[in-house]
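Below is one structure, written out as structure tokens; comments come after it.
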Amino acid sequence: MEIKVQKLSYKDLKDLTFTIEDKQITGITGSGKSSLLKLLNGIVQGKGILKYNNERKTLKNKRGLIKKVSLIKTTFENTFFCNTVEEHLIYFMQYYKLNIKDPQKKLEDSLKIVGLSPKYLSRNISTLSTSEKKLLQIATALLSNPELILLDDPFINLDNKNEKKLARLLDQLNDRFNISIVIATNDSEILYQYTKKLILLENNTILLEGNTKEVYENVKFMREHNFEIPDIVMFTSIAKQEKNVKIDFHRDIRDLIKDIYKHV
């Protein structure tokens, strides 16, 4: 799903104009990112123009929009209202009046996609780990066959292993199922590693949107505007400018090491 935003305002957010590209993983960073996700999801309504796949949507039927644009919240507060995983998923289908031919198969398939076996259906949600609850949030979203999934700080409280597992899942959803993904976080390491496009928010409006790698590698600009810079980018920038080492910027530390060895 492509979203075009024109002169959108809501509370402190002013005159936002940008595009969420179709079938791409986009990052959003800066103050107001969580409010922006709610605008895109239709939870709140601002002033301006929002076009979904070039069609201007009204928010009279919020449920219809939320089926196609799913928001994964940072915390699990006000997310799970039932005891077991199966009860929760059934509640979601009934609440949003999803017309599913084989509900049981859909439940199991959604869990399998995120890496949870059908055995989880009988699990009490309170016994799930943070990582498992995050996967359940995504499995829930998949029940409505969304075209866009918005994630608010999805990697918080995940260890390195589960962070990579979640990143692989998001990449799979984007690549295999053609679901557009938006990750909102101020963690530059996450954004640099896992997103293709980056939107910078500053002073309650859009400062810049562009290729993630190119945006972060403009170190001077990012520092002037007090944005966090990934360690691998900072290291490379110092090596190039202060040590005059002719190396390129890399996302993968292994590629950086190989490049350094070429010039030693």
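Here the sequence shown is numbered in my numbering, starting from 68 and rising by one per residue. Glycine included, C-beta positions come from ideal geometry on N, C-alpha and C. On a predicted model such as this, the values are computed, not experimentally measured, just so you know.
Problem - According to DSSP, residues forming a beta bridge with PHE85 - result: VAL72
Practice task
Could you tell me which uninterrupted alpha helix (DSSP H) segments, each at least 4 residues in length, are contained entirely in the region 224 to 289, listed from first to last along the chain?
Solution key: 227 to 243, 255 to 261, 279 to 284
Practice task
Identify, in the order they occur along the chain, each residue of the same chain with its Cβ nearer than 8 Å to the Cβ of ARG321, setting aside the five sequence neighbours on each side.
Solution key: none
Practice task
Report buried or exposed for GLN44, applying the criterion of at least 16 other Cβ atoms within 10 angstroms of its Cβ.
Solution key: Any question about residue 44 goes unanswered here, given that the chain covers just 68 to 331.
Problem - First through last residue of the beta strand (DSSP E) which encompasses SER137 - result: 136 to 139
Handout entry: Cβ-based neighbour list, LYS325, same chain, cut-off 8 Å, excluding 5 preceding and 5 following
Key = none
Practice task
Starting from TYR119, trace the beta strand (DSSP E) both ways and give me its first and last residue.
Solution key: 114 to 119
Exercise for the section: Take TYR187 and list the residues in its own chain whose beta-carbon comes closer than 7 Å to its own, dropping the five residues that flank it on each side. Expected result: VAL152, LEU178
Problem - Backbone CA spacing between GLN161 and LYS264 [nearest angstrom] - result: 35 Å
Exercise for the section: Could you please give the first and the last residue of the uninterrupted beta strand (DSSP E) stretch that includes ILE296? Expected result: Taken as a continuous stretch (DSSP letters only), ILE296 belongs to no beta strand (DSSP E), as it is neither H nor E.
Handout entry: Inter-stretch contact (C-beta, 8 Å, three-pair minimum) for the region 197 to 212 and the region 141 to 156
Key = yes
Practice task
Report the three-state DSSP secondary structure of LYS127 (helix, strand or coil).
Solution key: The predicted position of LYS127 is uncertain, since its pLDDT is 44 and thus under 50; a value taken from the coordinates is nonetheless stated next. Note: LYS127 maps to coil in three-state DSSP.
Exercise for the section: Check whether the Cβ atoms of ILE92 and ASN241 sit closer than 7 Å, and answer yes or no. Expected result: yes
Practice task
Consult DSSP for ILE216 and reduce its assignment to one of helix, strand or coil.
Solution key: strand
Exercise for the section: For my contact list, LYS74 and ILE116 are in at a C-beta cut-off of 8 Å; report their separation, rounded to the angstrom. Expected result: 7 Å
Practice task
Express the C-alpha separation of ASP220 and PRO185 in angstroms, rounding to a whole number.
Solution key: 27 Å
Handout entry: When LEU165, ILE157, GLU69 are compared against LEU174, the one with the closest alpha-carbon
Key = ILE157
Handout entry: Helix, strand or coil at ASN191 according to DSSP, with G and I counted as helix
Key = strand
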